[in-house]
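Everything below concerns the one structure shown next.
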Amino acid sequence: KLLIEPINTFDIPGFFLSTTAQGIAILDEVGADNAFLQYDIYHAQRMEGELANSIKKYLNRIGHMQLADNPGRNEPGTGEINYTYLFKFIDQLGYQGWIGCEYKPATTTEAGLGWLKSVS
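Numbering (the working numbering), first residue to last: 168 to 287.
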């Protein structure tokens, strides 16, 4: 699979690909069966919000998801994103792909993994 990832322009000003819709437009233009969106929940929340609606709308175009909370790009449970709800929603949609963790632990790595218990 080939993945493209929109990056928010608050953290990286001027990044050429910053929204889910832009990513989908590029995938449509390329037209390759093996090209997908890398949906970074943190970046999508920073730029667009409406995570559940966006994931549902583009689920068949998502090849991989990444997570971090917002603000701060720390572990889930440290910010505004309701990951308990979001994980249940993603599961109900039937997403079969991987969800990777790309965050900066607020304290230690070990403590930064504690969120797993609260969402399982």
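From the three backbone atoms N, C-alpha and C, an ideal C-beta is built for every residue, glycine too.
In this text, all values refer to a predicted model and were calculated from it rather than measured experimentally.
Residue span of the beta strand (DSSP E) that contains G246, given as start and end: Unbroken run through G246: none, as it is neither H nor E.
So L170 is in the beta strand (DSSP E); what residue range does that whole segment cover? L169 to I171
Go through its chain and collect everything with a Cβ distance to R228's Cβ below 7 Å, but skip five positions before and after it. I191, L194, F203 and L204
Could you give the C-beta distance for D207 and Q189, rounded to a whole number, given that I count them as a contact under 8 Å? So it is not a contact: roughly 13 Å between Cβ atoms.
Taking G267 and H231 to be in contact with their CB atoms under 8 Å, please state how far apart those CB atoms are, rounded to whole angstroms. 7 Å
Compute the Euclidean distance between the alpha carbons of K224 and Y262, then round it to the nearest angstrom. 12 Å
If you draw a straight line from the C-alpha of E242 to the C-alpha of E277, how long is it? 11 Å
Give the range of the alpha helix (DSSP H) segment to which A202 is assigned. Element bounds for A202: not the alpha helix (DSSP H) but the beta strand (DSSP E), A202 to D207.
DSSP three-state call for L234: helix, strand or coil? strand
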